Each structure stands twice: as structure tokens, then as C-alpha cells.
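Only one structure is covered here, and it is reproduced in the block below.
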Ligand code: B1M
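In the working numbering, the protein residues as written are 100 to 332.
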């Protein structure tokens with residue numbers, strides 16, 4: 100870090116400059132600065148969701164673009180991801196503290212061969228905030244992990260995340276196995292991740308593709324409402 104950057108006092112920046120500075124700090128993997136930025140924005144009355152989407156996810160988009168273009172490499176992106184997680188850990192309890200009534204239960208995990216977990220964690224946080232109980236299986240899950248969790252946790256929803264074009268087909272392996280075992284229709288299956296789209300979701304037999312965490316929450320709520328209507332009918 101240069102002397103000039105050393106002198107930046109985050110709390111003295113206006114909101115716009117602070118968010119720009121947080122983009123730079125996320126890019127540079129500066130976890131403590133990101134945590135400080137998050138706290139300042141919250142103190143200024145920003146809603147946790149706004150901090151998450153505008154300051155953190157916005158910054159990660161820049162990291163992603165430069166990673167794609169070969170300007171950033173894995174070690175730098177890992178640092179950025181670590182800084183992002185620092186910010187997310189401050190927001191997590193706030194997003195979960197909405198006092199929303201219990202909506203249902205979801206098991207979620209990133210599929211086999213894939214270690215990306217930021218998006219999945221964000222979905223988990225937002226689902227918890229909306230009143231869902233979430234069982235997070237973590238990353239790199241073979242089909243057996245999902246099946247075991249379905250049996251022991253008995254969730255309403257199975258969520259799967261994949262960030263690589265090479266790992267997204269594995270979602271179909273999980274769904275096909277559920278079909279083979281005659282349990283597919285016992286659950287709502289929601290899928291998400293940057294390389295997916297609606298067409299892919301349909302093609303693999305998922306109930307819905309969710310573009311982002313907010314869509315995941317809304318879709319989950321819609322399916323729960325339908326389920327309750329069916330039970331009530
Ligand atoms: Co990786 N990586 N990465 N990476 N990485 C991508 C995905 C990539 C697009 C970068 C690029 O080239 N532009 C590219 C994939 C290319 C492709 O397949 N077409 C890529 C690559 C190639 C790789 C490696 C192969 C690199 C290498 O080793 N040479 C390697 C693979 C490792 C592996 O998994 N086996 C790798 C490694 C890594 C790091 C470990 C360094 C790190 C991950 C750290 C971590 O997650 N703990 C990393 C990161 C951070 C990224 C980028 C930069 C950012 C991903 C992210 O966190 N985004 C990413 C570039 C990009 O996506 N633009 C990239 C922020 C997050 C909030 O968004 O995850 O999309 P996202 O989640 C969203 C939605 O997609 C949706 O909601 C979320 C919140 O709104 N969603 C769901 C996600 N999951 C859902 C589940 C649901 C519902 C919605 O269930 C109901």
C-alpha cells in the first residue's frame with residue numbers, strides 16, 4: 100500500500116467515494132478496510148442489503164471481470180473473496196434478524212468439483228433473513244451428500260450452486276439420482292450460479308433457476324405458498 104493510500108480515512112469520505120474506495124480495497128483484498136467500510140455505511144443508515152449489493156457484490160463484479168481478462172490471478176481473487184467474506188460476516192446477523200415468520204427449510208450446497216461459495220453463502224444469508232431454516236452443506240458436494248441431507252434434514256427445498264461451466268452439469272446428476280430413487284417430487288429444487296440460465300434449469304429438471312439471492316428468496320416463498328395451498332385444498 101502506498102503512503103498516499105495510508106492517509107485515506109474511510110469515515111471522512113462521502114458515501115459515493117467510500118463505496119468507490121471499498122471497490123479498490125476489495126480488489127486489493129484488504130479485509131479490515133472492507134469490514135470498516137461496511138460498519139461505516141451501516142452507521143450512516145444504509146440497509147444491510149444495500150451495503151451487500153452495492154458495496155460488496157458491486158466490488159466483486161470488478162474483481163470477476165479482471166479475473167476473466169487475466170489481469171488478476173487466483174491468489175489475488177482469494178484475498179478479495181476473503182475480504183468479501185469479512186464484510187458478509189458483519190451483515191449476516193443483521194440480514195437474519197428480520198423477525199420474519201418461519202417459512203420453511205432449505206438444504207443448499209455447491210456441487211462436486213466446485214469450491215466457489217460466496218454466492219451460495221449470500222443465498223443462505225438472505226434465505227435465513229426471510230425466515231427459512233438453512234442447512235448449508237458447503238462446497239464440493241457429491242450426490243451422496245445431498246441425498247443424505249435430504250433424508251436426515253427433510254427440507255422443503257434443495258438448493259444447488261455451481262460457478263463453473265464444467266461443474267454445472269453435475270446438478271443434473273443429482274436430480275437424475277433423485278428421480279431414480281423416486282424422491283424428486285418430494286422437494287422443490289432451485290439452482291443458481293453465474294454460468295446458469297433459465298433454459299439450463301429447465302433442461303436439467305430443476306423447478307427454477309434463480310438469477311440472484313433475492314430471486315432465490317422470492318422463488319422459495321412462491322413455492323412454499325403453493326405447497327401450503329395444496330395442503331390446505
Ligand atoms: Co473462480 N471462476 N475459479 N474463483 N471465480 C469464476 C466463476 C469465473 C467466471 C472467472 C472468470 O473467468 N471470469 C471462471 C469460470 C469460467 C467458466 O466456467 N465459464 C472461474 C474459474 C475459471 C476458476 C478456476 C478454474 C480458476 C483456476 O484455478 N484456474 C478455479 C476453480 C476452482 C474450483 O471451483 N474447482 C477458480 C477459483 C476461484 C477462487 C478460489 C480464487 C475464488 C472462489 C472463492 C470462494 O468462493 N470462496 C473464485 C472467485 C471469487 C471467482 C469470481 C471472481 C467471483 C465469484 C463470486 O463470488 N461472485 C468468478 C467471476 C464471476 O462470477 N464473475 C469466478 C460473487 C457472488 C455474489 O456471485 O457466485 O454468481 P455468484 O452468486 C450469485 C448468483 O449466481 C446466485 O445468487 C448469488 C448472489 O446474488 N446464486 C444462486 C449462486 N448460487 C446460487 C444458488 C442458488 C440460487 C442462486 O440456489 C438456490
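C-beta atoms are modelled at their ideal positions from N, C-alpha and C, and glycine is treated no differently.
Please read all numbers here as calculations on a predicted model, not as lab measurements.
(request) Consider the C-beta atom of residue 154 and the heavy atoms of ligand 1; say whether any pair is separated by less than 7 Å. (result) no
(request) Can you tell me the Cβ-Cβ gap for residue 242 and residue 276, rounded? I've got them flagged as a contact below 8 Å. (result) 5 Å
(request) Using the Cα positions of residue 129 and residue 265, report the straight-line distance between them to the nearest angstrom. (result) 30 Å
(message) Rounded to the nearest angstrom, what separates residue 174 and residue 214 at their Cα positions?
(response) 14 Å
(request) Could you give the DSSP three-state label for residue 102: helix, strand or coil? (result) Model confidence at residue 102 stands at a pLDDT of 48, short of 50, so the residue's coordinates are unreliable and nothing is read from them.
(request) With a threshold of 16 other CB atoms inside 10 Å of the CB of residue 218, please say whether the residue is buried or exposed. (result) Residue 218 is buried by the Cβ-count criterion.
(request) List the endpoints of the continuous beta strand (DSSP E) containing residue 251. (result) For residue 251, there is no enclosing beta strand (DSSP E); the residue is part of the alpha helix (DSSP H) that begins and ends at 242 to 252.
(message) Taking 7 Å as the cut-off, is the C-beta of residue 166 nearer than that to any heavy atom in ligand 1?
(response) Yes, ligand 1 has a heavy atom inside 7 Å of this Cβ.
(request) Within its chain, find whatever has a CB closer than 7 Å to the CB of residue 122; leave out the 5 residues flanking it on each side and keep chain order. (result) 157, 158, 161
(request) Within the same chain, show all residues whose beta-carbon is closer than 6 Å to that of residue 255, passing over the 5 residues directly before and after it, in chain order. (result) By the criterion of a C-beta distance shorter than 6 Å, residue 255 is surrounded in its chain by 203, 204, once the five residues flanking it on both sides are discounted.
(message) On the DSSP letters alone, give me the boundaries of the beta strand (DSSP E) that residue 172 sits inside.
(response) Note, residue 172: premise wrong, no beta strand (DSSP E); not H, not E.
(request) Mark residue 287 as exposed unless 16 or more other C-beta atoms lie within 10 angstroms of its C-beta, in which case mark it buried. (result) buried
(message) Once the 5 residues before and after residue 315 are set aside, which same chain residues still bring their CB inside 8 Å of it?
(response) 222, 225, 226, 258, 289, 291, 309
(message) Less than 7 Å separating the Cβ of residue 260 from some heavy atom of ligand 1?
(response) yes
(request) Spell out a yes or no on whether the region 163 to 173 and the region 132 to 148 are touching, meaning 3 or more CB-CB pairs, one atom from each, closer than 8 Å. (result) no
(request) Using the Cα positions of residue 184 and residue 191, report the straight-line distance between them to the nearest angstrom. (result) 10 Å
(request) Alpha carbon to alpha carbon, how far is residue 231 from residue 283? Give it in angstroms, no decimals. (result) Straight-line spacing of the CA atoms in residue 283 and residue 231 works out to 21 Å.
(request) Indicate the three-state DSSP secondary structure (helix, strand or coil) for residue 292 in the structure shown. (result) Look at residue 292 here: in three-state DSSP terms it is coil, with no helix or strand label.
(request) Would you identify the three-state DSSP class for residue 44, choosing helix, strand or coil? (result) Outside the shown range of the chain, which is 100 to 332, sits residue 44, and nothing can be said about it.
(message) For a quick check, are the C-beta atoms of residue 295 and residue 261 less than 8 Å apart?
(response) One thing to note: residue 295 has its Cβ within 8 Å of the Cβ of residue 261.
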